[in-house]
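This report concerns only the one structure given below.
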Amino acid sequence: MKRSLLMAFSIILILSLVPACSHDIGEIENQNFATAIGVDFRDGKYYVYIQMLGLTSVAKREGGGNLPPEVYVSKTSGATFIDAFFKAYQTAQERFLWAHVTAIVLSEAALKKGMGGVFDGLTRYYEFRPTPWIFGTKDSMIDILSAAGFFSQNSLNTILHSPESSYEQSSTIKPVKLYQFARDFFEPGRTTYIPSLAINDKQWKKNKKNDAKLEIDGAFFLDNQKYKGHFPYEKLKGMRWLNPQTVRASILLPNGKSPEFLAVLEDQTVKIVPEKQNGHFRFTIRYLANGVVSNRMKNNTINVAAMEEFVKKGIITEVRQLYQLGLKHKIDFFNLEHQLYRKYPSDWKKLKDQNTLLRQNSIKSIEVHITLEHSGSFKNRKIMIRE
């Protein structure tokens, strides 16, 4: 006991003699926590936007209730991305901390300019992590970075920083992290995409006044490290059926003009199989999924077998439409080229040199297998086939 007390006293004495190093550790409330970075390019210059949230915007008041969100967005410009980036330090007031950046937004002009300089700048500094979500936008960067959530919640409670939760409820364009995009961006024969963020100021009203909110309205596509174009979600619906990571997707059938039911599909499996024929390759797409009937508009006119057939035809139609869009704009939405690069590299190089990789009849067949298991309201209530 005496030995323990003596040791404790010695430690206290030593600590009391150590001079305080106030310049080494700053108070947490005095740090600049950068949470998002935006990049634009125009008039021959890079424009860098930095979003910063105050701790009072993140913390809750004692007794309940949130403080009004505080969002600061800086704007600097320079001849290069790093030049514009460093100019933000001139008015920083306190040290910037970059480890909390969870979103990167690139304008369409920045994507057209090229990703090399931006990638180089974001990956050289040790504080930057490879895990932020990456987006593109055609809208004002200031508006995108200033958008708030519901009920006075800050930007951290929006799809800019947390897109995965809404994607799990309705899987449209899958969110992409920086390291995932970089992996595909530099991969030969690979077409990659960046989800497109936009401001929707019509859907929601707050106290009868329009309240702008963020939405993913489409995607930007890149191939061979070059910008290929932007497409709205309505033209990209077939993408959700080709992504094995799709969590939950709905389809209205037979069509939007004459709907009879809404099917929600889950647990999907996708496999693309190449087959060589006469020096070219044709592909078989196999799709399997379970689903529910979420809503029936005409309850007594259609049985389960017919509904499954409608779902099958609807998926095939959306996939074929997406393939035709790709042929028109020379974009490999299905990443069929990458399949050949991985499995048949010599054939891939030969066909690429001949510019004959993808043709009108490259899709041999689309095999869709659907099982509608229950009626949605109660997952243990199976739907019965009506003869």
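FYI, in mature numbering (1 follows the signal peptide of the UniProt record, and there is no 0) the residues of the sequence shown are -20 to -1, 1 to 367.
Don't be surprised by glycine CBs; every beta carbon is placed ideally from N, CA and C.
With which residues is residue i paired in a DSSP beta bridge?
| i | result |
| --- | --- |
| Q31 | A16, V53 |
| W346 | Residue identity check: residue 346 is Ile in the sequence provided, not Trp. In the DSSP output, where bridge partners are listed per residue, I346 has I265. |
| R276 | F241 |
| S230 | V244 |
| Q257 | H260 |
| I252 | I265 |
| N223 | Answer is none; N223 lacks a bridge partner. |
| Y147 | Answer is none; Y147 lacks a bridge partner. |
| L158 | Beta-bridge pairing links L158 to no other residue. |
When the Cα of residue i is compared with those of the options, which residue comes out closest?
| i | options | result |
| --- | --- | --- |
| A229 | F21, T60, V244 | V244 |
| V98 | S150, F21, I153, P155 | F21 |
| A199 | T71, A178, L125, F241 | A178 |
| F234 | A128, A64, I296 | In the sequence on display, residue 234 carries Pro and not Phe. Minimum Cα distance to P234 is reached at I296. |
| N12 | T56, A79, K55 | A79 |
| N253 | E317, L305, L307, G116 | Before going further, note that residue 253 is Val rather than Asn in the sequence given. Ranking the options by Cα distance to V253, first place goes to E317. |
| A162 | Q149, N204, E144 | N204 |
| K215 | Y303, T249, Y105, K118 | Y303 |
| R288 | D247, L242, G209 | The sequence as given places Glu at residue 288; Arg does not occur at that position. Comparing Cα-Cα distances from E288 to each of D247, L242, G209, the minimum goes to L242. |
| S342 | S326, K329, G306, K330 | G306 |
Does the distance between the C-beta of residue i and the nearest non-hydrogen atom of the ligand PLP fall short of 7 Å?
| i | result |
| --- | --- |
| W328 | Among the ligands in the structure shown, none appear at all, so the ligand PLP cannot be discussed. |
In chain order, what residues of the same chain have a beta carbon less than 6 Å from the beta carbon of residue i, not counting five sequence neighbours either side?
| i | result |
| --- | --- |
| N187 | none |
| E347 | R266 |
| A90 | V19, D20, F21 |
| K292 | V348, I350 |
| Q183 | none |
If residue i and residue j are in contact, beta carbons under 8 Å, what's the gap, nearest whole angstrom?
| i | j | result |
| --- | --- | --- |
| T82 | P112 | 5 Å |
| N137 | L33 | 11 Å between Cβ atoms; not a contact. |
| I122 | Y29 | 7 Å |
| T264 | S345 | 5 Å |
| I153 | S146 | That belief does not hold up - the Cβ atoms of I153 and S146 are roughly 11 Å apart, past 8 Å. |
| K25 | A59 | 7 Å |
| V284 | L352 | 6 Å |
| I124 | V85 | 6 Å |
Cutting at 7 Å between CB atoms, please list the residues of its own chain near residue i, excluding the five before and the five after it.
| i | result |
| --- | --- |
| E298 | K217, G218, W221 |
| Y52 | M32 |
| Q301 | G218 |
| R170 | D164, N315, H318 |
Considering only residues of the same chain and omitting the five flanking positions on each side of residue i, which have a CB-CB separation below 8 Å?
| i | result |
| --- | --- |
| G141 | Looking at the sequence itself, residue 141 is His, so the reference to Gly does not match. T15, A16, T82, A83, W113, S135, listed in sequence order. |
| K332 | G169, E317 |
| G271 | A243, V244, L245, E246, V291, I350, T351, L352, E353 |
Taking the runs of the beta strand (DSSP E) that are 3 residues or longer, which of them lie wholly in the segment 59 to 102? 83 to 87
For the segment 280 to 347, list the alpha helix (DSSP H) runs that are entirely contained and at least 4 residues long, ordered along the chain. 284 to 309, 316 to 323, 325 to 333
Could you give the uninterrupted runs of the beta strand (DSSP E) lying entirely in the segment 161 to 221, keeping only those of 3 residues or more? 171 to 180, 193 to 203, 206 to 212
My parser needs the beta strand (DSSP E) runs of 3 or more residues fully inside the segment 100 to 141; what are they? Runs of the beta strand (DSSP E) inside the segment 100 to 141: 113 to 117.
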